[in-house]
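J.:
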Amino acid sequence: MVARTNTDPKGIVRAVDEYTVTPWGLYMARPTPGRAQFHYLESWLLPSLGLRASIFHFNPGHERDQDYYLDIGRYTPGPRMWRSEDHYLDLVVRTGESVELEDVDELLTAVRHGLLTPEVGEDAVKTALSAIEGLSRSGYDLDRWLSGNGLELTWRGA
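First residue of the sequence shown: 954, per our numbering; consecutive thereafter.
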């Protein structure tokens, strides 16, 4: 965070426009140079829920029917750096309409090949199901569900 960079799992370092630390998470906003599908990414790492909530700002012609993209994982805060471990499962949220679970096949493959332990895989499924239940009880409204858990997210809207 101090260097205002984000390093992805492949080791690619990218400049970050904004980091904001709150008691419940870390907000990050950055451009996505070289990406044909989208030009900007906003994300909240939410350790207590095992979620990364993102908004992709799509380029014309690459729009997707989604409002939020949730990555299931382990997000660990630190004073100078946060760490994330992707647990392969993703949720696509369409506000007021639905939530869709994606990449179950990737999770099963990761467990089968020892990239995740069976226990971590099981926790990922439980985390995803808990999020799906919370979203469904909140009318598929991410902000409503999170505010009910004491988490208030703000977005830049790039």
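We treat Cβ as the ideally placed atom computed from N, Cα and C, and that holds for glycine.
Identify the residues that DSSP records as bridge partners of residue 1036: which are they?
T.: Here residue 1036 refers to the residue found at position 83 when the sequence shown is read from its first residue. The partner list for residue 1036 (beta bridge, DSSP) reads 1029.
J.: Put residue 998 into one of helix, strand or coil per three-state DSSP.
T.: Indexing the sequence shown from 1 puts residue 998 at position 45. Of the three classes helix, strand and coil, the one that applies to residue 998 here is strand, per DSSP.
J.: Quick one: measure Cβ to Cβ for residue 1002 and residue 1084, integer angstroms, because I've assumed they're closer than 8 Å.
T.: One-based indexing of the sequence shown puts residue 1002 at position 49. One-based indexing of the sequence shown puts residue 1084 at position 131. With 8 Å as the limit, residue 1002 and residue 1084 qualify as a contact, their Cβ atoms being about 7 Å apart.
J.: Let me know if residue 1019 comes out buried or exposed under the rule of 16 or more other beta-carbons within 10 Å of its beta-carbon.
T.: By 1-based counting over the sequence shown, the position of residue 1019 is 66. Per the 10 Å Cβ criterion, buried.
J.: At the level of alpha carbons, what is the spacing between residue 967 and residue 1025?
T.: Position 14 of the sequence shown, counted from the first residue, corresponds to residue 967. Position 72 of the sequence shown, counted from the first residue, corresponds to residue 1025. Rounded to the nearest angstrom, the two C-alpha atoms are 22 Å apart.
J.: List, from N- to C-terminal side, the alpha helix (DSSP H) runs of 4 residues or more that fit wholly inside the segment 1022–1108.
T.: 1057–1065, 1071–1090 and 1095–1101
J.: Using only the alpha-carbon positions, how far apart do residue 1074 and residue 1062 sit?
T.: Your numbering for residue 1074 matches position 121 in the sequence shown. Your numbering for residue 1062 matches position 109 in the sequence shown. C-alpha separation (whole angstroms): 10 Å.
J.: Taking the DSSP output, what are the residues bridged to residue 966?
T.: If you number the sequence shown from 1, residue 966 lands on position 13. The partner list for residue 966 (beta bridge, DSSP) reads 960.
J.: Measuring only the C-alpha atoms, how far is residue 1043 from residue 1101?
T.: Taking the sequence shown and counting its residues from 1, the one referred to as residue 1043 is at position 90. Taking the sequence shown and counting its residues from 1, the one referred to as residue 1101 is at position 148. Approximately 21 Å, taken between the alpha carbons.
J.: Do residue 979 and residue 1006 have their C-beta atoms closer together than 8 Å?
T.: Looking up residue 979 in the sequence shown gives position 26. Looking up residue 1006 in the sequence shown gives position 53. Cβ distance not < 8 Å, so residue 979 and residue 1006 don't count as in contact.
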